[in-house]
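In what follows, a structure is listed as structure tokens, so that the remarks can point back to it.
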Amino acid sequence: MQVFPFIVVAWILAVGLYGVVTSRHLVHQIICLIVVQSSTYVLLLGVGYVTGAVAPYFFDVPNHTPAVDPVVQACALTDVVVEAAVTALLLSFAIQAYKRFGTLDPQELAALKG
Amino acid sequence: MDQLLPLVVVVPLLVAAAVTAFGPLLRSRRRLLDLAAILAAAAVAVMLCVIMVRTAGGDQVYWFGGFRPAHGVSIGIDFEVQPISAGLACLAAVLVTAAMTFSWRYFERVATYFQALMLTFLAGIVGFCLTGDLFDLFVWFELMGVSAYALTAYRPEERGPIQGALNFAITNSVGAYLSLSGIALIYGQTGALNMAQIGVAVAKHPADRLVVVAFLLVIAGLLIKSAIVPFHFWLADAHAVAPTPVCVLFSGVMVELGLYGIARVYWSVFGQALGHRAAISHVFLALGLLTAVTGAVFCFRERHIKRMLAFSTISHAGMFLIGIALLTPLGLAGAAVYVIGHGLVKAALFLCTGIVLHRLGSVNEPWLHGRGRPLRVTGVVFTLAGLGLADLPPFATFLGKGWIEASAGPWLIPVLIVCSSLAGGAVLRVAGGVFYGLGDRPTEDPQMAREAAEETSETAGGKNRTPLTMIVPPAILVVAAIVIGVIGQLGHFVQAAAVRFEDEAGYDATVLHGAHITHPVALSAAGPTAVTATDVLAGLGSVLGALIMAGLALYWRRLPLLRAYRPSASLAASARRFQSGVVNDYITWVVIGLACLGGVFAFVIRLAGSVPPASDLTPRASRISHASPLLPAPSHNVVTTTRL
Amino acid sequence: MNGLAVQTPYTVPVGMMDALQITLLVLVAAGATAVVLIRAPVRQVLMLSTYGVLLAVLFLAFQAPDVTLSELTVGAVLLPAVLLLTLAKVRKKEQ
Amino acid sequence: MTPRQRRWIFLVAGAGLVAFYLWGLLGLPGFGRYPGPYGPAILRVVVAQTNATGVVSAINFDYRGFDTVGEEFILFVAAAGVATVLRRLRGERDRPAVDEAADRDVPDTSSAVRMVALLSVGPVVLAGWWLASHAQTNPSGGFQGGVMLATAFVLIYLSGEFLVFKRFSPVDLTDVVEAVGAAGFAAIGVSAVAMGLPYLKNYLPLGQVPGAVSSSGTIALISFFVGIEVAAAFILIVGELLDQTLLIRRYSSGRGG
């Protein structure tokens, strides 16, 4: 159990990169990019976890209860919003690419662009 | 505490928000918003100059929200400003000001977003340069990236920009996520996000495998951003299609920022713990050489002016990496001055290309042959900038390259001469062919012609006169490159800044214990910065080489021995196979590059026996303890330094 | 070693928490693989939404309710909505 | 490279990279054994210093507030980028503003969907505001609240015509609101600087009861502005995409699709 979460992190990264590299459809590629980024969330939160500790909220738990590390959660939060922003931008590029080239396959895009 | 530091980042952000908010309201007085944006960028440049001069005496640390570190544990985010970081940010601000002044009359229909995106791009760069927190570095890296993606696709009517922007965005996003994984990894072991605190925590015991992997992952995103071979493929696509004022920033400062990031992460965080300085230096030297040569060769082959300038940027990125990889104060100082000189000169070249595109409507060199004669002033500025790129003595590029060669030793001189002459030769070939009609009409490479013809003018073009706002910025930039090259005691100032940049223990004491260090410890002896005869000879040699290469390229038909030479289809085909434009290939190359680098690092550091870092350098952890923290007086670091 | 630092209304015995986390991790790994292997765009978006929910539950098991909430709203609801809109625009030409 | 070559090269190189990554990951101190000083250092002082019981929001909006300024403007730039890229180009014109029904046999939304959507708009907006305003008490904050508000507007589209959505969120107004949200957050920091305090210093009174809605000074205010900005940004993004899908069609321009 000590190591298993990090093996899952490496697996998600590997699968995500495989998807990005072998994708023949831009939207599929962007979704695989989301999977690559989700590996960083699992790693961040996995690194900050403390066994037997509670969530870092003290409105109904005494102040100095041993809690999980809140800093990684703040970073993960920032990261989720960054993911949404970058994905929205990439999707707008994909729409424009479809309107200009009529196809969404990176292979054909490169050929058509010349 | 100096209140200028947060303003330098927040002012462009606020003005960008204001420009977007008032855009729809002030439809009639559009020019007011453009002026406001340019003034904001200029104000940032002035503020950064003031900061740079003020930090020469000692680093400045600024804790946001007033959360100071308590006995070595930092809970807030800090800005840690040194002359080199402030100087790079100042260069970026100057280039943004020049680019926005240039685009005053350049775009036909400037939507309000252009100024806002340029200002957020500037804020991202300044934040990236000044921050002392690793996750903050990732956030500004991402802001700079997103602004760059949107700016690259700024003209969606064309086919090229969208495809270039997609390649750029996907490749750099993968790099950013790998960097974030590296940050999470090192946070897992040290429990700290502040660079100084991580450095101290990691330096306590010899580098174990986690530190090696974290170091490589963190610089993965930075290697991709600084277009080091084999991560450089996206740059040529993004450059060739981005609007010209945006290319000025991509080449002038964004590529150099990746290298600054690598240097900052190495010296402030991982340098001490990794140890094995000679081995790491050799690995990065090899990467730098490979990049410099590859960039130069591809640059000379290219007939699309913007793409050619992009490859010359890749070549120069390799040279900067060589300067940094020497790990000596003189090498770093040389790289810093070379970055500033190259940034100014390359920006002038791109702005002149923008003028050519504005007036003649194309960037296809064969088609433009001889058509540039009426653009006399642009021709002069372009040629001067081309000579600057080939390291002509009075230019800052020559000064920087001289120091790098002095620090590296004689073996580097021929390599840099070849690269500079190839890159400079290509630019001088364009200058001679387009503006002065020298040489014979080059054969049309059909494939590249189609690509360059794609680049229709960003404005109606065909105007008979170059507006003043378009020709003045490049002229000023070229003059600035010469002035910087001629300043007398520049060498002493930059070398002291480089020594301060490399002093890890001083950095920790300043950040974590508020010490004010005026005399940083030189890790290895500072070299002479006087301009020697060999430097001048090397500079003239590379200019001569550039002129010869340009002449050969322009007149090769008339030369007896070269007449039979046909640019072989195989060379073009093989180049096309690598520079394929398919983003899947680029990501594959990123994975290949990282796997190889990982293997080399693992072999060098782990298997070669973990030499305890203490023998290499002044151990930063122990020095902190005896440098009596919270010492108001400048702590005199009386520790013998071991020469490399 | 019951592994419990302190008894609060929310702490779960460590043994049970380990089992919960392991199953969720396996589900998330399977979800990621499924998202990548499905090539049909629309089905892939739906799988991405499921993957978002799985991730959210995993973050709950990692004691991170804030990230759970944002992963649910962004990853499981908003991104699939934006993706479906993109696909609607992109697929229209093929009919 | 051909797709087949690329697949094999990636499998080999990817295996190497993942092995290298795993080699590093196994150096971590193990899952559940977080060693670091950062988390406990903040947990010790957070309730005392900021009177907020929601520690993650306290970090996001106070201790590491400068990160959140950067991240707000990442969203701001993304929305501006989407608007720039998807704006109507010369070769395109708005189709007659009939909802997209001509060449696709889409049944118009059934009254059940309209009813549910309409009824749920109110609670969703309420939930959004509740989340945005309780950043300092429990696990919520500006981000989740803002995204919830954006989905409320999408519900308006589901419940009625697309034009109703457009009337509720005209692009210019959303632009202004988004800019106000992002600038507001940065301006709170500048107000601290104006008073000679460090940027983003939490100088407002902290209130008595830890975690109460009125407590923890600027955290609640910043969360409010972040909520506005995130909501406006996502409304803009969804609005632009809906524009693309329903209204903008390529018409006459000779260049074709």
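Protein chains in written order, with the working numbering: chain A, 1 to 114; chain B, 1001 to 1644; chain C, 2001 to 2095; chain D, 3001 to 3257.
By construction, the Cβ of each residue, glycine as well, lies at the ideal position given by its N, Cα and C atoms.
Note that this is a predicted model, so its numbers are computed, not measured.
Chain D contact residues for residue i, given Cβ-Cβ distances below 9 Å
{"i": "R1303(B)", "result": "What R1303(B) touches in chain D: nothing, since even the nearest Cβ is about 25 Å away."}
{"i": "L2105(C)", "result": "Because chain C here runs from 2001 to 2095, residue 2105(C) falls outside it and cannot be looked at."}
DSSP bridge partner residues for residue i (one or two, in chain order)
{"i": "G3016(D)", "result": "Per DSSP, none; premise fails for G3016(D)."}
{"i": "Y57(A)", "result": "G3054(D)"}
{"i": "R3033(D)", "result": "V50(A)"}
{"i": "A67(A)", "result": "V54(A)"}
{"i": "T1131(B)", "result": "F1079(B)"}
{"i": "V1073(B)", "result": "A1070(B)"}
{"i": "N1464(B)", "result": "In DSSP, N1464(B) forms no bridge with anything."}
Residue span of the beta strand (DSSP E) that contains residue i, given as start and end
{"i": "W1411(B)", "result": "Unbroken run through W1411(B): none, as it is neither H nor E."}
{"i": "Y1062(B)", "result": "1060–1063"}
{"i": "E1080(B)", "result": "1078–1081"}
Residue i versus residue j - alpha carbon distance
{"i": "A1279(B)", "j": "A1273(B)", "result": "14 Å"}
{"i": "A3078(D)", "j": "D1237(B)", "result": "21 Å"}
{"i": "G3142(D)", "j": "F3225(D)", "result": "7 Å"}
{"i": "L2069(C)", "j": "L1332(B)", "result": "46 Å"}
{"i": "S3140(D)", "j": "L1309(B)", "result": "49 Å"}
{"i": "E3178(D)", "j": "F3076(D)", "result": "7 Å"}
{"i": "G1402(B)", "j": "C1299(B)", "result": "22 Å"}
{"i": "Y1106(B)", "j": "P1474(B)", "result": "14 Å"}
{"i": "E1302(B)", "j": "I1322(B)", "result": "24 Å"}
{"i": "F1350(B)", "j": "T1101(B)", "result": "14 Å"}
{"i": "G1461(B)", "j": "V1096(B)", "result": "A caution first: G1461(B) carries a pLDDT of 49, below 50, which makes its placement in the model too unreliable to give a value."}
{"i": "V1202(B)", "j": "D1136(B)", "result": "19 Å"}
{"i": "P1006(B)", "j": "A1042(B)", "result": "16 Å"}
{"i": "G52(A)", "j": "I1517(B)", "result": "44 Å"}
{"i": "G1023(B)", "j": "R3167(D)", "result": "20 Å"}
Endpoints, alpha helix (DSSP H) assigned at residue i
{"i": "L1025(B)", "result": "Where L1025(B) is concerned, there is no enclosing alpha helix (DSSP H), given that its DSSP letter is neither H nor E."}
{"i": "Y1586(B)", "result": "1583–1601"}
{"i": "V1521(B)", "result": "Here V1521(B) belongs to no alpha helix (DSSP H), and DSSP marks it neither H nor E."}
{"i": "H1316(B)", "result": "1305–1325"}
{"i": "E3071(D)", "result": "3065–3086"}
{"i": "N1167(B)", "result": "1160–1190"}
{"i": "A1040(B)", "result": "1030–1055"}
The ligand COA heavy atom lying under 7 Å from the CB of residue i
{"i": "G1318(B)", "result": "For the structure depicted, the ligand COA is absent and the ligand set is empty, with no information on it obtainable."}
Cutoff 7 Å; reference residue i; Cβ partners in own chain excluding five residues on either side
{"i": "R3147(D)", "result": "Checking the sequence, you will find Val at residue 3147(D) rather than Arg. Correct list, in chain order: V3230, F3234."}
{"i": "K1306(B)", "result": "H1239, A1240, C1247, T1353, V1363"}
{"i": "L1554(B)", "result": "R1429, G1432, G1433, L1438, G1439"}
{"i": "S3215(D)", "result": "N3051, A3052, Q3136, L3206, G3207, V3209"}
Contact list for residue i against chain D, beta-carbon separation under 7 Å
{"i": "L44(A)", "result": "Those within 7 Å of L44(A) in chain D number zero; the least Cβ separation is about 12 Å."}
{"i": "A2076(C)", "result": "Correct list: empty, because the minimum Cβ distance to chain D is about 11 Å."}
Contacts that residue i makes with chain C (C-beta to C-beta distance below 8 Å)
{"i": "A10(A)", "result": "By Cβ distance, chain C contributes nothing, its closest Cβ being about 10 Å from A10(A), past 8 Å."}
{"i": "S3140(D)", "result": "D2066, L2069"}
{"i": "P5(A)", "result": "Q2021, L2025"}
{"i": "L77(A)", "result": "D2066, V2067, S2070"}
Contact set for residue i: own chain, Cβ-Cβ below 8 Å, skip 5 residues either direction
{"i": "L1216(B)", "result": "G1182, L1594, L1597, G1598, F1601"}
{"i": "V3121(D)", "result": "A3152, L3155, I3156, S3159"}
{"i": "L2046(C)", "result": "P2080"}
Cβ-based neighbour list, residue i, same chain, cut-off 6 Å, excluding 5 preceding and 5 following
{"i": "I1170(B)", "result": "V1583"}
{"i": "A1150(B)", "result": "L1117"}
{"i": "I3237(D)", "result": "A3079, V3082"}
{"i": "H1316(B)", "result": "H1342"}
Cross-chain neighbours of residue i in chain A, by beta carbon under 8 Å
{"i": "Y3038(D)", "result": "D69, V71"}
Contact set between residue i and chain C, taken where Cβ atoms lie within less than 9 Å
{"i": "T3151(D)", "result": "T2073, V2077, L2078, A2081"}
Residue i: contacting residues in chain B (beta-carbon distance under 7 Å)
{"i": "F93(A)", "result": "A1153, I1162, A1165, L1166, A1169"}
Contact list for residue i against chain A, beta-carbon separation under 9 Å
{"i": "N1584(B)", "result": "V20, V21, T22, S23, R24, Q29, P106, Q107"}
Partner residues on chain C for residue i, Cβ-Cβ distance less than 7 Å
{"i": "T40(A)", "result": "Neighbours of T40(A) on chain C: none; closest Cβ ~12 Å, over 7 Å."}
Within chain E, the residues that residue i reaches when beta carbons sit closer than 9 Å
{"i": "D3067(D)", "result": "No chain E is part of this structure, whose protein chains are labelled A, B, C and D."}
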